[in-house]
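Protein chains in written order, with this note's numbering: chain A, 1 to 411; chain B, 1 to 135.
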């Protein structure tokens, strides 16, 4: 056996996979996992119940698509995933690609990647809010999730156990049914490493996102685990979604604890001696001012995709009004039919908005969309999106959902 | 010659010019991958080309996209020569593994304060104790 297997304890089945007995896809997958596991000192592999794979074609490129197609061409027994595997948002909404001015080559790439993933047995859920729409993991369940917002929410709010699994590693986990046991699969990595003493509890979603950004910057890296104390009520799912997505984006964080709210807090023991940081309204407002501006070319609600409740809020804010600039509301393929059935999509679109599903914004050829549509100034209520989109040439503006609607429609 | 030992490393031995900043790294957030330059306005290397350089930076930042993007950049010969980080996240390791990129992390010091841009450095992940050496 190779040096790879010497570094980690393998079962007989895993040794057979590494030797190629289950075909070349699983052989690559377990070799990849051993390489990653060895880097982090993993002793073995842990079985996972689900996987979630990010594979938009802006990230994959032609090389990544061809790589997936190579595995998809294998015989069925050799290529099919072994655990339920869901897909993250795609790089377009096929039904609205022309309105976004996505070029035919982008759409073709998305179709090829989706076909390859489907051939591997991936459930094409195309969502980054699986925990609100598909099948939330249960406490203590080991999973291999490939969207930072999904990972941090499921680790923190639900008590599941996942590291950030990039597309290749999420696919590897799906093919082998396990993942290297390191990081947030281990008790020792889930203990808090810093304490955030919250002196003002956010009210609006963008304030929760701003708090996530502040905490992410303070914490600093993937291995930091903040314990937040002082919230004056239990935040809701959408609030924690925005908080977690921003904390993951600004700090690369994968786990947080909120005293009295998240399920692992009671087991934390004495956290009084942790490095402490006070965060109040002043810090959150200062964060928001960092993304100021008085005009926009486009308003985007996304990152993460909107829940049904967010769609309902947006429809209410737009009733009787008319957007004078493009306003995009991006949700999941699971929420969209409900939003259609309940008339929410119609209300948003009657006000001049565009409802999109199955994609996000920043992973949908954002630079090319900006050039094709003349978009430069982008307003959003997503702290995560303002962090990402500057690198694509946009000037981001962070506002509340209501303020974004005012900006789009005029007061 | 000054040598810094690392906790972990992967990829082939390389030697080249360092590009250094006390800042983070994410292929999605920070780079214009079509032009091979840092593009995020707030990044300390904004406007600088990373092609063929040994990037010496602080921490891995951002989301999961880097895991695919390093592979895609490699297919177009648009990768840095190596990544040197004080602290990695799993995405950097997973991406470097797929791309075959040299990656080294975990030093007893802040490596961004000990290597200067323009220095010629050697990285050997294959050594018994992986190291970065300033030549």
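Ideal Cβ positions, reconstructed from N, Cα and C, are used throughout, including at glycine.
Under 8 Å between beta-carbons, which chain B residues line up against residue i? List them in chain order, please.
| i | result |
| --- | --- |
| residue 287 (chain A) | Per Cβ cutoff of 8 Å: no residues; residue 287 (chain A) is ~13 Å from chain B at best. |
| residue 123 (chain A) | The contacting residues do not exist; residue 123 (chain A) stays about 18 Å from chain B at best. |
I'd like to know whether the C-beta of residue i is nearer than 8 Å to at least one C-beta of chain B.
| i | result |
| --- | --- |
| residue 63 (chain A) | yes |
| residue 475 (chain A) | Summary: the structure shown does not reach residue 475 (chain A), with chain A confined to residues 1 through 411, and so no result is reported for it. |
| residue 484 (chain A) | With chain A covering only 1 through 411, there is no way to say anything about residue 484 (chain A). |
| residue 221 (chain A) | yes |
| residue 18 (chain A) | no |
| residue 364 (chain A) | no |
| residue 156 (chain A) | no |
| residue 2 (chain A) | Low confidence applies to residue 2 (chain A): its pLDDT is 37, below 50, so where it sits in the model is not reliable, and the reading given next is rough at best. It does not; no Cβ of chain B falls within 8 Å. |
| residue 5 (chain A) | Interpretation of residue 5 (chain A) is limited by its pLDDT of 47, a score under 50 that renders its predicted location unreliable; the figure taken from the coordinates is listed afterwards. Not closer than 8 Å to any Cβ of chain B, the Cβ of residue 5 (chain A) fails to qualify, so no. |
If the cut is a Cβ gap below 7 Å, which residues of chain B does residue i touch?
| i | result |
| --- | --- |
| residue 39 (chain A) | 8, 10, 93 |
| residue 164 (chain A) | 64, 89, 90, 91 |
| residue 388 (chain A) | 28, 29 |
If you measure from the beta carbon of residue i to each beta carbon in chain A, is any gap under 8 Å?
| i | result |
| --- | --- |
| residue 62 (chain B) | yes |
| residue 67 (chain B) | yes |
| residue 59 (chain B) | yes |
| residue 82 (chain B) | no |
| residue 75 (chain B) | yes |
CB-CB under 7 Å to residue i, same chain, minus the five flanking residues each way: which ones, in chain order?
| i | result |
| --- | --- |
| residue 157 (chain A) | 240, 262 |
| residue 325 (chain A) | 296, 297, 298, 299, 408 |
| residue 349 (chain A) | 355 |
| residue 124 (chain B) | 13, 130, 131 |
| residue 147 (chain A) | 52, 54, 88, 128 |
| residue 5 (chain A) | Residue confidence is low: residue 5 (chain A) scores 47 on pLDDT, short of 50, so the model does not pin down where it sits. Its coordinate-derived value is still stated next. Closer than 7 Å at Cβ, skipping near neighbours: 15, 18, 34. |
| residue 113 (chain A) | 55, 57, 60, 65, 68 |
| residue 29 (chain B) | 40, 61, 62 |
Quick one: what's residue i bridged to in DSSP?
| i | result |
| --- | --- |
| residue 5 (chain B) | B:131 |
| residue 164 (chain A) | A:145 |
| residue 102 (chain B) | B:82 |
| residue 357 (chain A) | A:331 |
| residue 197 (chain A) | A:229, A:278 |
| residue 23 (chain A) | Residue 23 (chain A) is not bridged to any residue. |
| residue 342 (chain A) | Its beta-bridge partners do not exist; DSSP assigns none. |
Show which residues of chain B have a CB atom less than 9 Å away from the CB atom of residue i.
| i | result |
| --- | --- |
| residue 148 (chain A) | 62, 63, 64, 91 |
CB-CB under 8 Å to residue i, same chain, minus the five flanking residues each way: which ones, in chain order?
| i | result |
| --- | --- |
| residue 97 (chain A) | 106, 107 |
| residue 74 (chain B) | 99, 100, 101 |
| residue 152 (chain A) | 244, 245, 247, 248, 253, 254, 255, 256 |
| residue 99 (chain A) | 354 |
| residue 166 (chain A) | 54, 146 |
Leaving out the 5 sequence neighbours to the left and right, which residues in its chain are closer than 6 Å to residue i when beta-carbon positions are compared?
| i | result |
| --- | --- |
| residue 304 (chain A) | 128, 129, 149, 241, 245 |
| residue 69 (chain A) | 116 |
| residue 92 (chain B) | 60 |
| residue 64 (chain B) | 91 |
| residue 406 (chain A) | none |
| residue 80 (chain B) | 50, 53, 55 |
Check the Cβ of residue i against every Cβ in chain A and list those closer than 7 Å, keeping chain order.
| i | result |
| --- | --- |
| residue 97 (chain B) | 32, 35, 36 |
| residue 39 (chain B) | 391 |
| residue 22 (chain B) | Residues of chain A passing the Cβ test: none, with the nearest at roughly 12 Å. |
Under 9 Å between beta-carbons, which chain A residues line up against residue i? List them in chain order, please.
| i | result |
| --- | --- |
| residue 110 (chain B) | Here the premise fails: no neighbours, minimum Cβ distance about 13 Å. |
Residues of chain A with CB closer than 8 Å to the CB of residue i, please, in chain order.
| i | result |
| --- | --- |
| residue 42 (chain B) | 390 |
| residue 72 (chain B) | 59, 60, 61, 62, 63, 64 |
Which residues of the segment 246 to 270 of chain A have a Cβ closer than 9 Å to any Cβ of chain B? Give them in chain order. 248, 249, 250, 251, 252, 254
If contact means a Cβ-Cβ distance below 7 Å, which residues of the segment 116 to 130 of chain B contact chain A? none
Residues of the segment 56 to 87 of chain A in Cβ contact with chain B at a cutoff of 9 Å, in chain order, please. 56, 58, 59, 60, 61, 62, 63, 64, 66, 67
Closer than 9 Å, Cβ to Cβ, to anything on chain B: give me those residues from the segment 181 to 202 of chain A, in chain order. 182, 183
Would you list, in chain order, the members of the segment 166 to 178 of chain A that have their beta-carbon closer than 9 Å to a beta-carbon of chain B? 166, 167, 168, 169, 170, 172
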